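Protein chains: 2
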Amino acid sequence: MPTAAVDQLTSLLGDAVVTGGPELAAVREDRSGWRSPHPALAVVHAASVEDVQAVMRIASSTGTPVVPRGAGTGLAGGAISSDGSIVLDLARMDRILEISEVDQLAVVEAGVLNGDLDRAARERGLWFAPDPASRAISSIGGNIATNAGGLLCAKYGVTRESVLGLAAVLADGTLLRTGHRTVKGVTGYDLTALLTGSEGTLAIIVEATVRLLPLVVGETHTVAAAFPDVEAAGVAVGGVAGARIRPALLELIDPVGLARVTEHLGAAALVGTPLADFAPGETFLLAQCDAGDAAADAEAIAHVFEAAGGRVVRSTDAATGERLLDIRRAMHPALASRGNVLIEDVAVPRSRLPEMFRAIADIGARYEVEIPTLAHAGDGNLHPNFVFEGDEVPERIWAAADELFRTGVRLGGTLTGEHGVGLLKRRWLAEEVGDTSVELQRRIKEVFDPRGILNPGVMFDPVKP
Amino acid sequence: MPTAAVDQLTSLLGDAVVTGGPELAAVREDRSGWRSPHPALAVVHAASVEDVQAVMRIASSTGTPVVPRGAGTGLAGGAISSDGSIVLDLARMDRILEISEVDQLAVVEAGVLNGDLDRAARERGLWFAPDPASRAISSIGGNIATNAGGLLCAKYGVTRESVLGLAAVLADGTLLRTGHRTVKGVTGYDLTALLTGSEGTLAIIVEATVRLLPLVVGETHTVAAAFPDVEAAGVAVGGVAGARIRPALLELIDPVGLARVTEHLGAAALVGTPLADFAPGETFLLAQCDAGDAAADAEAIAHVFEAAGGRVVRSTDAATGERLLDIRRAMHPALASRGNVLIEDVAVPRSRLPEMFRAIADIGARYEVEIPTLAHAGDGNLHPNFVFEGDEVPERIWAAADELFRTGVRLGGTLTGEHGVGLLKRRWLAEEVGDTSVELQRRIKEVFDPRGILNPGVMFDPVKP
Chain U
1 MPTAAVDQLT SLLGDAVVTG GPELAAVRED RSGWRSPHPA LAVVHAASVE
51 DVQAVMRIAS STGTPVVPRG AGTGLAGGAI SSDGSIVLDL ARMDRILEIS
101 EVDQLAVVEA GVLNGDLDRA ARERGLWFAP DPASRAISSI GGNIATNAGG
151 LLCAKYGVTR ESVLGLAAVL ADGTLLRTGH RTVKGVTGYD LTALLTGSEG
201 TLAIIVEATV RLLPLVVGET HTVAAAFPDV EAAGVAVGGV AGARIRPALL
251 ELIDPVGLAR VTEHLGAAAL VGTPLADFAP GETFLLAQCD AGDAAADAEA
301 IAHVFEAAGG RVVRSTDAAT GERLLDIRRA MHPALASRGN VLIEDVAVPR
351 SRLPEMFRAI ADIGARYEVE IPTLAHAGDG NLHPNFVFEG DEVPERIWAA
401 ADELFRTGVR LGGTLTGEHG VGLLKRRWLA EEVGDTSVEL QRRIKEVFDP
451 RGILNPGVMF DPVKP
Chain V
1001 MPTAAVDQLT SLLGDAVVTG GPELAAVRED RSGWRSPHPA LAVVHAASVE
1051 DVQAVMRIAS STGTPVVPRG AGTGLAGGAI SSDGSIVLDL ARMDRILEIS
1101 EVDQLAVVEA GVLNGDLDRA ARERGLWFAP DPASRAISSI GGNIATNAGG
1151 LLCAKYGVTR ESVLGLAAVL ADGTLLRTGH RTVKGVTGYD LTALLTGSEG
1201 TLAIIVEATV RLLPLVVGET HTVAAAFPDV EAAGVAVGGV AGARIRPALL
1251 ELIDPVGLAR VTEHLGAAAL VGTPLADFAP GETFLLAQCD AGDAAADAEA
1301 IAHVFEAAGG RVVRSTDAAT GERLLDIRRA MHPALASRGN VLIEDVAVPR
1351 SRLPEMFRAI ADIGARYEVE IPTLAHAGDG NLHPNFVFEG DEVPERIWAA
1401 ADELFRTGVR LGGTLTGEHG VGLLKRRWLA EEVGDTSVEL QRRIKEVFDP
1451 RGILNPGVMF DPVKP
């Protein structure tokens, strides 16, 4: 059967079907640090909706698992080859089909890179708000399949809020269109939202109609501060919400992370920033305000930060703002220079951030592991990081992560704010959403994918035969 | 069987089960002008989640249809008694369980009125953005069940964007919890979004966790104008989008509607407004800007309006802004004073508004019927209205509406922007979303409601046995 599927695909799509070499190795990995034990039968490069439909017809008739893959930048193992699978690569479907200034929307193929769409939109005075901090390398299709988040979500929403409609190929090759080109529309169930975040388990997203926003005018104001400890920074975060200000971004680096960042950047890069006088134990917080009342909002945030004990540096232009933001951007390189990095992704209500930080410190101490943590503090999404040697995440780190997840859920949060369940977190799915929900979700999957060929093993444990 | 269900309910819930009198007559209607031919077996007033669970257990075991009902303000016949049904009234579940300033959210029972939540939020410096223009009388549960829209959606989003999580009772009485208290969260399929807008056909929404926004500070600026014709107003709407301004609201009244409104208000009420010199054939357009750059945005909008041939009046304070908005508010009373009103609800992409207005005028002429039309022009949602005598919508009006729907869909729009499918529009469902989508939706319904007892006849045609 596997051979039959590959033979049929090759005779139909020729060179677009790759059955060996480095490409097969490449699709065993994403950016999660996880490597699949299973090579794919083939990587198929789809160039059109019709290609995807043909692949699904063959996969469906032969019962061959299909793993849809965009740019391969996922962080949960959701788009890597699984046992006996075809990896369906959508990267060549990279056309921006339409940008409408009056309707403030774009129609794109799934493989378009987020940053390419944003750049094209900006040339027309618009922008694409969902930026999962991987704009240059991640695809819109992948962003939608994971309902990607990012730094701007508290103010501008998650990816779902920007998706107006989809075209998706069902397991049997049928093309489904959902949603519309209008802001509003309530005809029937919201299949657009159901497919958004479904991680390739319900259908293959091939095209999206997405909302664009008018470009933000005016200068960006940035406020950065170092706080004596993470509790003080937590008070500042609560203070910003209490002052009813919505900064475009509000990013926090905990003391463990900040030690690595300052070490990595070196003293010269920190001159003129709040970290020029960095002392161990300090926490970094950065707010950026765009649009409208940016200056007044930044002023108010600076007061909140100072009142909470922060050593504040302000910037009233984009260029010096970028320098402050570089501190935040240095987090991942600082960790990656020391080993492999497992990036976790819990989210808790903003009010529970101080508790979560205490829990992380406690878990780190008990498991004797450093957990440098970055947080999108504006929306309560934390990325506790684990640095390790070798190809496999050590069991001790999974045990610590397990405690992290449970703590996040106990605090009213979630085990994945924006990365997705993928392969890495499916064992915790039921713990968060409950058995009733898992059962409904499995049965929704059966409606879309009765033979179970769409990304099996992702999100749900494989069904025991 | 029907008697068995009512007997069991009465023995369990006593006075909360009403089997005769004016209440049974009341639940045969909503605000659509539609009257059900079927009286309910009983109206059951639930006071708690446990009540709802008990009702669903009895309904499930006896195969009795259940129609969930909030405040009964729907406009599509989605919450009126159907053949042999129990109407499950959630109005007594009206507690605001929590408002969190730091997490900027509220937890409410389904029967809480939208305006009551908003008022409570405002006391804490927050507000609830979804306002379907029925704030004072519609319930949050109903708003969510229909994914209600309103005037502010182009800027602040539809109801779905404000729903973080739900508690819902399934057909068999099981309680399902979806979503979270965080802005982000991608664990599993988005059942929160799937239930939002499902019109009581998948589960009974009993509780919601909703997002609140910081109160908008600063003065509201209003720009109103009369245009020589609807085309000129359409150019102005396009011009606002082209200038990349997002007013909080942008409302349009077409010439037919404006004739009724000016007549209804009388000359005295129009002094100081652009309608003081009203001439037949003119179109009214009103924009309101809040927050940040309100003054600059209003200035720019005034220029756009003038360039498109508008006779502009500006207001820089809330009080005179309210006077201008009163013109828009007079639309429904002006029509209701002349007969029964069928309010339609198509939406088209903003760029197709001029075509849609031409089509409405053409349809009106061909069917010899007045179609006064109001539009949320910022999001392309139009409410063509039909005024008629007697209890039943005349066939001629349905025929005209049918053409309206088809035209809206052909222009890339939808047959219901915000009211829902209900009973009134289910015959057009497949035409808009296609047979593939309808089939998937029917099977999703079967997953949630295998016996078909949840609001049967709403959204989908009853299955022929």
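Line by line, the protein sequences are chains U and V.
Counting in this note's numbering, the final residue of the first sequence is number 465, and the numbers go up one at a time with none missing.
Counting in this note's numbering, the final residue of the second sequence is number 1465, and the numbers go up one at a time with none missing.
Beta carbons are placed, not taken as given, at the ideal position from N, Cα and C, and that holds for glycine.
Predicted, not measured: the structure shown is a model, and the values here were computed from it.
- Under the Cβ distance rule, U/VAL107 does not count among the residues neighbouring chain V, no pair being separated by less than 8 Å.
- Within the same chain, and ignoring the five residues on either side of V/VAL1409 in sequence, the residues whose Cβ sits closer than 7 Å to its Cβ are LEU1415, GLU1431 and GLU1432.
- For V/PRO1068, the enclosing beta strand (DSSP E) stretches over residues 1066 to 1069.
- Annotation for U/ARG396: the continuous alpha helix (DSSP H) segment containing it runs 395 to 410.
- Within its own chain, the residues whose Cβ lies closer than 7 Å to the Cβ of U/ARG442, once the five positions on either side in sequence are excluded, are PHE460, listed in chain order.
- About 7 Å separates the beta carbons of V/THR1196 and V/THR1159, which is inside the 8 Å limit, making them a contact pair.
- Within the stretch 342 to 359 of chain U, contact with chain V at the beta-carbon level (separation under 7 Å) is assigned to ALA347, VAL348, PRO349, ARG350 and SER351.
- In the displayed model, V/PRO1255 falls within a helix according to three-state DSSP.
- If you compare the alpha carbons of V/ALA1226, V/VAL1052, V/LEU1270 and V/TYR1367 with that of V/ASP1402, the shortest gap goes to V/TYR1367.
- If the five residues before and after V/PHE1405 are omitted, its C-beta is found closer than 7 Å to the C-beta atoms of VAL1346, LEU1415 and TRP1428, all from its own chain and listed in chain order.
- When CB distances to chain V are screened at a threshold of 8 Å, the residues of the stretch 174 to 189 of chain U falling below it are THR174, LEU175, LEU176, ARG177, THR178, HIS180, ARG181, THR182, VAL183, LYS184, GLY185, VAL186, THR187, GLY188 and TYR189, in chain order.
- For V/VAL1049, not one C-beta of chain U is nearer than 8 Å to its own C-beta.
- Taking a contact as a CB-CB distance under 8 Å, the pair U/LEU152 and U/ALA129 counts as one, their CB atoms being some 6 Å apart.
- Within the stretch 215 to 243 of chain U, the runs of beta strand (DSSP E) at least 3 residues long that lie entirely inside it are, in chain order, 221 to 227.
- A direct Cα-Cα distance of roughly 27 Å separates U/ILE140 from U/THR373.
- Taking the beta carbon of V/GLN1441 as reference, the chain U residues within 8 Å of it are GLY188, TYR189 and LEU191, listed in sequence order.
- Contacts between U/SER100 and chain V, judged by CB atoms closer than 7 Å, involve SER1351 in chain order.
- U/SER139 is bridged by DSSP to U/LEU113.
- For V/ARG1260, same chain residues with a beta-carbon under 8 Å away, outside a window of 5 residues either side, are MET1331, ALA1334, LEU1335, ARG1338 and PRO1372 in chain order.
- Under the 10 Å beta carbon count, U/VAL271 is surrounded by fewer than 16 other beta carbons and is classified as exposed.
- Proximity of U/GLN8 to chain V, defined by a Cβ-Cβ separation below 8 Å, is not satisfied.
- With a threshold of 8 Å between beta carbons, V/GLY1125 makes contact with chain U.
- One thing to note: V/ALA1091 has its Cβ within 8 Å of the Cβ of V/ALA1071.
- A contact between stretches requires three or more CB pairs, one per stretch, nearer than 8 Å, and the stretch 1392 to 1402 of chain V fails this requirement with the stretch 203 to 214 of chain U.
- CA-CA distance, U/LEU411 to V/VAL1107, rounds to 16 Å.
- U/THR3 sits exposed, since fewer than 16 C-beta atoms from the chains shown fall within 10 Å of its C-beta.
- Contact residues of the stretch 211 to 223 of chain U toward chain V are LEU213, PRO214, LEU215, VAL217 and GLY218 (C-beta to C-beta distance below 9 Å).
- Below the 7 Å Cβ cutoff, chain V contributes THR1187 as neighbours of U/GLU432, in chain order.
- In this chain, the alpha helix (DSSP H) harbouring U/ARG57 covers 49 to 62.
- In this structure, the CA atom of U/GLY74 is about 17 Å from the CA atom of U/PRO384.
- Below the 8 Å Cβ cutoff, chain V contributes VAL1186 and ASP1190 as neighbours of U/ASN147, in chain order.
- Residues of the stretch 1381 to 1401 of chain V whose Cβ lies closer than 7 Å to any Cβ of chain U, in chain order: ASN1381.
- Relative to the Cα of U/ALA269, the nearest Cα in the group U/ALA241, U/GLU344, U/ILE327 and U/GLU231 belongs to U/ILE327.
- Taking 3 residues as the shortest admissible run, the stretch 251 to 297 of chain U contains the following complete beta strand (DSSP E) segments, listed from N- to C-terminal end: 283 to 289.
- Bounds of the alpha helix (DSSP H) holding V/LEU1024 are 1022 to 1026.
- Nearest to V/GLY1063 by alpha-carbon distance, out of V/ALA1047, V/ILE1144 and V/ILE1086, is V/ILE1086.
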